[in-house]
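Enquirer: The numbering of the sequence shown is numbering that gives the first Met the number 0, which starts it at 0 and goes up by one.
Each residue gets a CB set at the ideal place from its N, CA and C atoms; glycine is no exception.
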Amino acid sequence: MLQVSQESLTSPILEDCLNLLRSERDEQKLAGLLLATKLSKGDEHASMFSIYKAIGTRFLHRLLITGAGSAQGGADRDAYLKLSVTVLAGFCRVPEIASSKEMISEVPIIAEIISNSSDPSIFEECYEFLLLVASASKNAITQIIESGSIQHLARHISFLPDGSRSLEHAVRLLQLILDEIPLQTMDKRYLSAMSWMVASLSKLFAVLHNALKFDVMHLLTAFLSSQNSLFHEALGELSSENWAAYIHIGVMEILQNRIVSCEKLQALQLLDSIMHILGESWILEEKTMLEVQATLSVEKFLLLVLESARVEVAVLLNELAYLKYEASKSSTSESVLSKQQNLAVLYSLIEKIIKLISGSSEVEGTILSEGIVMQMISGLNETVNLVFDYLQDAKDHCHRKGDDILAAVRIVGSYLAEVPFACKEKTRDLLQYILSVEGEDESSPFYSICFLLPMLCQTTMEIDGCKELASFGGHKSVVDCLVKLLEKNGASFENTGTIYLACDTILNLLLSSKELGSQIEGSQFLLLLRELCYWAENSNDPSVVMMASSICALVFDLMSEKNLLNHPEFNHSTLESISQLIIKSFSQVMPTDKSNDHRDLHEIVRAGYDRWAHRFPFVQNAVARAMKA
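1) Is the beta carbon of L345 less than 9 Å from the beta carbon of I276?
2) Helix, strand or coil, according to DSSP, for E105 in the structure here?
3) Does the region 101-114 come close enough to the region 139-155 that 3 or more CB-CB pairs lie under 8 Å?
4) Near E568, which residues of its chain fall below 6 Å by C-beta distance, leaving aside the five closest residues on each side in sequence?
5) Do you know how far the Cα of D178 is from the Cα of L203?
6) For H566 and Y533, what's the separation of their Cα atoms in angstroms?
7) Shortest alpha-carbon distance to L172 belongs to which of Y189, L182, G278 and A153?
8) Round the Cβ separation of S157 and F122 to the nearest angstrom and send it over; I've been treating them as touching at under 8 Å.
9) Considering only the alpha carbon of each residue, which of Y51, S272 and R309 lies closest to A243?
10) What is the DSSP secondary structure of K354, reduced to helix, strand or coil?
11) Is there contact between the region 275-290 and the region 369-385, where contact requires at least three CB pairs shorter than 8 Å?
12) For L405, which option in G438, F420, Q431 and L385 has the closest C-alpha, if you only look at C-alpha atoms?
13) Which of the three DSSP states is assigned to E530 in this structure?
14) From A407 to G516, what does the alpha carbon distance come to, in whole angstroms?
15) Put E437 into one of helix, strand or coil per three-state DSSP.
16) Could you spell out where the alpha helix (DSSP H) holding V640 opens and where it closes?
17) Whole angstroms is fine: what's the gap from K475's alpha carbon to Q523's?
18) In whole angstroms, what is the alpha-carbon distance linking C551 and G496?
19) Let's test the definition: count the other Cβ atoms within 10 Å of the Cβ of I410 and tell me whether it reaches 16, buried, or not, exposed.
20) Smallest Cα separation from L319: which of E333, E306, S307 and I282?
21) Taking 9 Å as the cut-off, decide whether the C-beta atoms of K583 and A621 are in contact.
22) In the DSSP assignment, what are the bridge partners of K400?
23) Per DSSP, what kind of secondary structure is K286 in: helix, strand or coil?
24) Within a Cβ cutoff of 7 Å, which residues of the same chain sit near I353, ignoring the five residues on either side of it in sequence?
25) Please determine, among N384, Q391, M196 and K466, the residue with the shortest C-alpha to C-alpha distance to T504.
26) With a CB to CB cut of under 6 Å and the five nearest residues on each side skipped, what residues in its chain are close to S136?
27) Is the separation between the beta-carbon of L182 and that of S225 shorter than 9 Å?
28) In whole angstroms, what separates the C-alpha of D77 from that of T65?
29) From F213, E298 and H231, pick the residue whose C-alpha is nearest to that of I253; which is it?
30) With a Cβ-Cβ cutoff of 9 Å, do E560 and L580 count as a contact?
31) What whole-angstrom Cβ distance do I498 and L485 have, given they're in contact under 8 Å?
32) What did DSSP end up calling T9 once you bin it into helix, strand or coil?
33) With distances taken Cα to Cα, identify the nearest neighbour of K187 among E232, L267 and V383.
34) Leaving aside the five residues before and after D403 along the sequence, list all residues of the same chain whose C-beta is less than 7 Å from its C-beta, in chain order.
35) Determine, using beta carbons only, whether S201 comes closer than 9 Å to chain B.
36) Is M558 helix, strand or coil by DSSP?
What follows is the structure, encoded as structure tokens:
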């Protein structure tokens, strides 16, 4: 490395060296440069800068260009190449030199040398040069990206030997580059390079066994947490590189060892990101790799992941409860936010595992053994009970607003969607509170109700479930939620599944109206009647027509036309719309068509109409006219 001591700077020998460097002849400059390398004893920036100024940037560039041709052969060129990259890396230890436009302009050449050279002895200086200029100036990072040099580096780093300085420099360089790339809005020009970067880093993550493994994991986590769909597609095109399988093995190694909690959280976040990109079933795929072997079967790995996530959730819930309700709030806000973010990642991963378990029989070629499934369900049940306890704490402290509380409701809803009668006692005790939970940006409960709809849709199929929900007016929360869903998304495909879950829940309640008595009243559904009409009018889907008309027919069971029109929240135009909806539903299917999917709904509408038609003369007359037409 080119480093010159202050002592050497004042010596006659150095004066001779500088005179040679200032010469017009390249031979003398080269001799002076070789002499300067003999004088290196320390790290004195003033000395280095004097030598740099004496030799000039044009000569350094010519030397690099001459050496860069050594990839095509030539012993002299090999020597020039080694000398030039060593000298450049040495000079760039001086920040003023490293940040100069002359050094930045050499970036593409150095990157090409890395890509083309078969001599690993020069890689350390090449990567050090790139790291130094990138550290000194953001313009250098821009040059690396814009010049296409990143593409060369992306494919090369996986070939660097474990434990080498070259690899350390390369990883540090990538950290700097990543800080400057907006991953969420990544330019299409960089997609290929970034996806190859993930592929190379993934292989390193699997094979490294030192502290650098964690740095690589952090880079991968940053890359894969991007929500950029084009980037995800680019990664999908590199499936033959087995990047996800390498990450699988790297995460397995971390979770199997005694690693600090923050690193385990990163590993679990990495898994969550891959499952988001490739789907939940990815974690059940088993591949044989040449460089490294998995030490656990896919089943045991899945169990390990869940158990690791469960441990972290238990710790975080306990710490959050303490920080929020017992510790000094003024000194813990930042810590609370960090723990809430970590908890959200773990919840997301556990949700995916719940979904995976529920659909494991549908995953091609993979069937989880009954023993593993029972172990996982038992663990999930334990964790969900802890989440219920966290919600109970929030209720006891009169907290019903917060993203962490809403996230707790979501994970509970995801679990109860699969096992609706689990944790029955805690669900019953907390249901009213849970339906009142709001996120930080919500003005009234909405998402908390949406999260519980899969469970409510199932529990209200039994009369006890209907009574439990109606006992505190919970059905009105479901109605309000459905009204909001229809206002936002009625004419689109967004949230269609949630809309139907809310509709089914309300149907279940209305079909049990006799048993519920005064707890359920027609006036509670007036705004919903209007939105159902708009929904059906803007859709050509027979399912929409039949669902909307079925609910309207059952609501009419609870009212009369006179009472309806006297209500301030209802008007005659809505009654006309409902009349047209009933007529349209009658034309959807004939009672004798037993194969029609909407037969049950049609029977609800027909039976309801027969019961209340005499109380709704306007609707009755409209239907009669339509039948004659």
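Expert: According to the structure shown:
1) Stepping through the sequence shown from its first residue, residue 345 is reached at position 346. Stepping through the sequence shown from its first residue, residue 276 is reached at position 277. Cβ distance not < 9 Å, so L345 and I276 don't count as in contact.
2) Translated into the one-based positions of the sequence shown, residue 105 becomes position 106. Coil.
3) Yes, the region 139-155 touches the region 101-114.
4) Taking the sequence shown and counting its residues from 1, the one referred to as residue 568 is at position 569. So the list reads L525, once near-sequence residues are dropped.
5) As a first step, residue 203 must be located in the sequence shown, where it is residue number 204. As a first step, residue 178 must be located in the sequence shown, where it is residue number 179. Spanning the two alpha carbons is a distance of roughly 20 Å.
6) For the purposes of this step, residue 566 is taken as the residue at position 567 of the sequence shown. For the purposes of this step, residue 533 is taken as the residue at position 534 of the sequence shown. Each residue's alpha carbon lies about 20 Å from the other.
7) On the sequence shown, residue 172 is found 173 positions in, with the first residue counted as 1. It is A153.
8) Within the sequence shown, numbered from 1, the residue matching residue 157 stands at position 158. Within the sequence shown, numbered from 1, the residue matching residue 122 stands at position 123. Not quite, the Cβ-Cβ distance comes to about 13 Å (not below 8 Å), so this is no contact.
9) Taking the sequence shown and counting its residues from 1, the one referred to as residue 243 is at position 244. Considering only alpha carbons, the answer is S272.
10) Translated into positions along the sequence shown, residue 354 becomes position 355. Residue state, collapsed to three classes: helix.
11) no
12) The residue labelled residue 405 in the question sits at position 406 within the sequence shown. Looking at the Cα atoms, G438 is the closest of the given residues.
13) Walking along the sequence shown from the start, residue 530 turns up at place 531. If DSSP states are grouped into helix, strand and coil, E530 belongs with the helices.
14) If you number the sequence shown from 1, residue 407 lands on position 408. If you number the sequence shown from 1, residue 516 lands on position 517. Going by the C-alpha atoms only, they are around 33 Å apart.
15) As a working mapping, residue 437 is identified with position 438 in the sequence shown. The answer is strand: DSSP assigns E437 an E or B state.
16) Look at the range of the chain in this structure, 0 to 628, and you will see that residue 640 is not part of it.
17) Sequence index remark: in the sequence shown, residue 475 carries index 476 (1-based). Sequence index remark: in the sequence shown, residue 523 carries index 524 (1-based). The straight-line gap from Cα to Cα measures roughly 7 Å.
18) Indexing the sequence shown from 1 puts residue 551 at position 552. Indexing the sequence shown from 1 puts residue 496 at position 497. So the two alpha carbons sit approximately 20 Å from each other.
19) Here residue 410 refers to the residue found at position 411 when the sequence shown is read from its first residue. With 16 or more other Cβ atoms within 10 Å, it is buried.
20) Along the sequence shown, one-based indexing puts residue 319 at 320. The shortest Cα separation from L319 among E333, E306, S307 and I282 belongs to E333.
21) Translated into positions along the sequence shown, residue 583 becomes position 584. Translated into positions along the sequence shown, residue 621 becomes position 622. Going by C-beta atoms, K583 is not nearer than 9 Å to A621.
22) Working through the sequence shown from its first residue, we reach residue 400 at position 401. Beta-bridge pairing links K400 to E437.
23) Position 287 of the sequence shown, counted from the first residue, corresponds to residue 286. Coil, per DSSP.
24) If you number the sequence shown from 1, residue 353 lands on position 354. Same-chain partners within the cutoff: L379, S413, Y414 and E417.
25) Counted from its first residue, the sequence shown places residue 504 at position 505. Nearest Cα to T504 within the set N384, Q391, M196 and K466: K466.
26) In the sequence shown, the residue the question calls residue 136 occupies position 137. Excluding sequence neighbours, S136 sits near S98.
27) Residue 182 sits at position 183 when you count from the first residue of the sequence shown. Residue 225 sits at position 226 when you count from the first residue of the sequence shown. In this structure, S225 lies closer than 9 Å to L182 by Cβ.
28) As a working note, residue 77 is residue 78 in the sequence shown. As a working note, residue 65 is residue 66 in the sequence shown. One C-alpha to the other measures close to 9 Å.
29) If you number the sequence shown from 1, residue 253 lands on position 254. The option with the nearest alpha carbon to I253 is F213.
30) In the sequence shown, residue 560 corresponds to position 561, counting from 1. In the sequence shown, residue 580 corresponds to position 581, counting from 1. Not in contact: E560 and L580 (Cβ atoms no closer than 9 Å).
31) Numbered from its first residue, the sequence shown carries residue 498 at position 499. Numbered from its first residue, the sequence shown carries residue 485 at position 486. That belief holds up - the Cβ atoms of I498 and L485 are roughly 7 Å apart, short of 8 Å.
32) Residue 9 sits at position 10 when you count from the first residue of the sequence shown. Note on T9: pLDDT 47, under 50, position unreliable in the model; no value is reported.
33) Taking the sequence shown and counting its residues from 1, the one referred to as residue 187 is at position 188. Among E232, L267 and V383, the Cα nearest to that of K187 belongs to E232.
34) Taking the sequence shown and counting its residues from 1, one reaches residue 403 at position 404. The residues are L319, Q339 and L342.
35) Reference to chain B is not applicable here, since this structure consists of a single protein chain.
36) In the sequence shown, counting from the first residue as 1, residue 558 sits at position 559. It is coil, neither helix nor strand.
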